[in-house]
Amino acid sequence: MDTDSIHSGYSHHSNRSRGSNKQSERSSRDRHKSHSRDSSSRSDKNVTISASSAQPQQPDQSSAPTDAQDDNWGETTTAVTGTSDHSLSQEDLAGFGKDTEGPVEKLNCVRFLPLALTLVLGLMVLVTPLSFLVLPQLMWPERLQACGTACEGLFLSLAFKLLILLLAGWALLVRPARASLPRIAVFRALLGLLTLLLLLSYWLFFGVRILDSQDENYQGIVQFAVSLVDALLFIHYLAVVLLEIRHLQPCFSLCVVRSTDGETHHYNLGQLSIQRAALVILEHYYKDFSVHNPALLTAAKSRAAKHLAGLKVYNVDGAGSDTATAQSRAKIAAAARQRDTSHNELYYEEAEHDRRVRKRRARLVVAVEEAFTHVRRLQEEEKKKLPGDEMDPREAAQAIFPSMARALQKYLRTTRQQHCHSMDSIQAHLAFCITNNMTPKAFLESYLMAGPTLQYTRECRQTRQWTLVSEASVNSPLRHGSEFLLKSSDFSLVVTSKAIPHLKLSEEYVHPKSHKFVLQLQSETSV
């Protein structure tokens, strides 16, 4: 009896799957025909595609029914199988998370140009004082005066000053570029120009007053080189003040709003230019903002499209010149009349979605706890085996992953996070949790709660392209009321700045005995 029920359920599922396959073939043929018509009609247009970073893929509206049917497959069908009904086959595991693969980015060498110029200028700074000391020794060594004790002390001072200057310049200026800015950095360019002007001035003075006259006072030449190193140390101090200290005091409060979902954060910044402020905001964005999920924003669009798709307009007066305009007006009016009842539909849709999320979450938590219990049991068994027969965490993760893969896949599809996690990243995270003896709750935290953008490997693997839109020049400093836009391919960050008001604190002196009191009891009072 049980066998009959199992085979009957399987046959019912096979019939339904054959029917769905026929419908999918017909729909694919229709889509192919429509695609061929669209491609032929658009063949005379030029399309420019700009390569950018890996983006979360937009969900296809036509695949929504298929995903819903796949989510309910484990609940409404019965299959004859030798494994658990909560596990995935090798074909499903191979296709799990394939849509998360992004294009390979070409190497961009332009961003290394400022670092190369800094290294060239640093080499000139290091070579110039040494050249001042070596050239007289090579050109007129017989005419130079002997270097005494004071001259040798200057040699020692010059050596340590050059070493300090080299280390300080390496710590401040020789850094990998965090971003490619649209305009040149004003302070960095000013410091580089000042350093180059100082070197040219010293070389000109050295050529006119020492090389031409072949000065015999070698101690004076050494003192001349020491003075150059002192001037370079003062320029380095100026660079520390302009590049690192000037913007530390907060002067402006910036409000950053993501245009798609309205997530808002506030940051306090100092005296910065607009492009430097945009760079700081982007660094905070990848750390503070949750990952952008465009799949969560398609519910309202699909609901409006469903309302308009259910409306039919009949033309009883015959074809006219403004038939399309009249039909669009009629649809808009009908949609406006349905606005009064749309809130009920939205309420029940959200309630149903919350119920499904809680259900999928409960199944996922149970599946993960069972998998971790199995891992702990395997670890206890591994202790009894020989050292060469132990299983490493990667193999353990691959062994228990199929038992939780279906529940995890259904939960990610229900919450529309399937584009954020690939099968390899999930197995790597599972192996990391097993290696560090973490709990199932710690493993699930990455999937139950949306983390910051930087935690997803697809976002930090490649360079992200942003566009800075500002009415004022991006080199101009921030001011009260400044507004600019940071545009990405699928959303933008709207930034507005407000000056922090001047705070005036006043002091109010409280006498130490002012808060003391005396309790006087009357004779009639009963104590």
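Heads up, this note's numbering is the position in the sequence shown plus 879, with the first residue counted as 1.
All C-beta atoms, glycine included, are put in the ideal place defined by N, C-alpha and C.
Own chain, CB closer than 7 angstroms to L1373, minus 5 neighbours either side, in chain order: A small fix is needed here, since residue 1373 is Val in this sequence, not Leu. So the list reads V1136, S1138 and L1364, once near-sequence residues are dropped.
Under three-state DSSP, which class holds L1398? coil
From the DSSP output, in three-state form, read off L1364 for me. strand
Out of R1125, M1302, R1343 and V1247, state which residue places its alpha-carbon closest to the alpha-carbon of L1060. R1343
With A1310 as the anchor, note down where its alpha helix (DSSP H) starts and where it stops. M1302 to T1314
DSSP three-state assignment for H1144, whether helix, strand or coil: strand
Beta-carbon gap between V1101 and L1000 smaller than 8 angstroms: no
By Cβ distance below 8 angstroms, which residues in the same chain neighbour L1023 in space, the five residues on each side in sequence not counted? P1015, Q1016, E1095 and Y1097
Contacts around Y1226, its chain only, beta-carbon distance under 8 angstroms, and the 5 residues preceding and following it disregarded: none
Rounded to a whole number of angstroms, what is the C-alpha to C-alpha distance between R1155 and Y1290? 40 angstroms
To the nearest angstrom, how far is it from the Cα of A1104 to the Cα of L1009? 8 angstroms
Check for me: the beta strand (DSSP E) holding V1136 runs from which residue to which? F1131 to R1137
Segment contact, 8 angstroms Cβ cut-off, at least three pairs: the segment 1309 to 1320 with the segment 1270 to 1288: yes
Under a three-way DSSP split, which group does K1238 fall into? helix
For the beta strand (DSSP E) that contains S1393, what are its first and last residues? No beta strand (DSSP E) holds S1393; DSSP gives it neither H nor E.
Can you name the start and end residues of the alpha helix (DSSP H) that K1040 belongs to? T1028 to L1051
Tell me, please, which residues DSSP counts as bridged to V1245. Looking at the DSSP assignment, V1245 forms no beta bridge with any residue, so it has no partner.
Taking S1282 as the reference, which of E1249, T1074, L1382 and S1301 has the closest Cα? E1249
What does the alpha-carbon distance come out to for the pair V1245 and L1327? 14 angstroms
Unbroken beta strand (DSSP E) run spanning S1080, endpoints: From DSSP, S1080 is part of no beta strand (DSSP E) but of the alpha helix (DSSP H) over V1065 to F1085.
Residues near S920 by beta carbon distance below 7 angstroms, same chain, minus five either side: Low local confidence applies: a pLDDT of 40 at S920 is under 50, so the model's placement there is unreliable, and no value is given.
Who are the near neighbours of S1367 in its chain, counting only those whose CB is closer than 7 angstroms to its CB and skipping five residues on each side? W1345
Out of I1124, G1360, S1169 and L1357, state which residue places its alpha-carbon closest to the alpha-carbon of L1333. S1169
Contacting residues, own chain, Cβ-Cβ under 6 angstroms from T1375 (five flanking each side not counted): C1134 and E1362
Out of R1067, A1056, F1251 and R1237, state which residue places its alpha-carbon closest to the alpha-carbon of L1158. A1056
Might you give, ordered along the chain, the residues of its own chain that have their beta carbon closer than 8 angstroms to the beta carbon of G1360, omitting 5 neighbours on each side? T1375, S1376 and K1377
Whose C-beta lies closer than 8 angstroms to the C-beta of I1114 among residues of the same chain, with five residues either side of it excluded? L1070, L1073, T1074 and L1077
Leaving out five residues on either side along the sequence, give the residues of the same chain with a beta carbon under 8 angstroms from the beta carbon of Y1355. According to the sequence shown, residue 1355 is Ser rather than Tyr. Closer than 8 angstroms at the Cβ level, and outside the excluded window around S1355, lie S1152 and I1153.
Would you list the residues sitting across from K1289 in a DSSP beta bridge? Answer by DSSP bridge pairing: none, since K1289 is not bridged.
Which residue wins for smallest C-alpha separation from Q1128, given the options I1379, W1049 and R1067? I1379
Would you decide whether V1119 is buried or exposed? Buried here means 16 or more other CB atoms lie within 10 Å of its CB. exposed
Going by C-alpha distance, which of L1243, A1047 and W1082 is nearest F1322? L1243
Near R854, which residues of its chain fall below 8 angstroms by C-beta distance, leaving aside the five closest residues on each side in sequence? Only positions 880 to 1406 of the chain appear in the structure, and residue 854 is not among them; the question remains open.
Given this structure, state the Cα-to-Cα distance separating S848 from E1387, to the nearest angstrom. An answer regarding residue 848 cannot be provided, because it is not within the stretch 880 to 1406 covered by the chain.
Look up K1263 in the DSSP assignment and give the residues it is bridged to. Paired residue(s): none; K1263 is not in a bridge.
Leaving aside the five residues before and after A1029 along the sequence, list all residues of the same chain whose C-beta is less than 7 angstroms from its C-beta, in chain order. Q1098
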